[in-house]
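This report refers to the structure that appears directly beneath it.
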Amino acid sequence: RAGVKKGDERAWIIYIPKTEELDIEEIKIERQIYSNKDDDARKLAEFIDAKIIPRRPMPIVNGLERIGIEGNFTNLNYSQIEDLFLTHMSLSEL
Numbered sequence: 477r478a479g480v481k482k483g484d485e486r487a488w489i490i491y492i493p494k495t496e497e498l499d500i501e502e503i504k505i506e507r508q509i510y511s512n513k514d515d516d517a518r519k520l521a522e523f524i525d526a527k528i529i530p531r532r533p534m535p536i537v538n539g540l541e542r543i544g545i546e547g548n549f550t551n552l553n554y555s556q557i558e559d560l561f562l563t564h565m566s567l568s569e570l
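Heads up: the sequence shown begins at 477 in my numbering, then just goes up one per residue.
Right, dumping it as structure tokens:
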């Protein structure tokens, strides 16, 4: 269900560091963790002929439906949609 499909113009590639505790409301990730992954991200982008856009992704309801999350999403704000994505990703085994 998830993943890049023919016709997609954009995709997110994310990195969620392992942590002992996970409270979605209180996640604080040190900038150094991402800085240490910068070189790997650039190599991956070059390998798949992509470019890194230094902007936070904007989650949309269509994305929730695409990964198989069902429900009534009509009144969700961006933060709530993002929480659903992050929860789904944290529960998956990649």
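Using N, Cα and C, we set each Cβ at its ideal position, and we do this for glycine too.
Buried versus exposed call for residue i [16 or more other C-beta atoms within 10 Å across all chains shown]
{"i": "residue 535", "result": "buried"}
{"i": "residue 523", "result": "exposed"}
Same chain only: Cβ atoms within 8 Å of residue i, ignoring 5 sequence neighbours per side
{"i": "residue 517", "result": "489, 491, 528"}
Residues near residue i by beta carbon distance below 6 Å, same chain, minus five either side
{"i": "residue 537", "result": "549"}
Coarse secondary structure for residue i, derived from DSSP in three states
{"i": "residue 518", "result": "helix"}
{"i": "residue 491", "result": "coil"}
{"i": "residue 527", "result": "coil"}
{"i": "residue 568", "result": "coil"}
{"i": "residue 562", "result": "helix"}
{"i": "residue 545", "result": "coil"}
Cβ neighbours of residue i in the same chain (closer than 7 Å, five flanking residues each side left out)
{"i": "residue 560", "result": "540, 545"}
Alpha helix (DSSP H) segment containing residue i, residue limits
{"i": "residue 537", "result": "537-542"}
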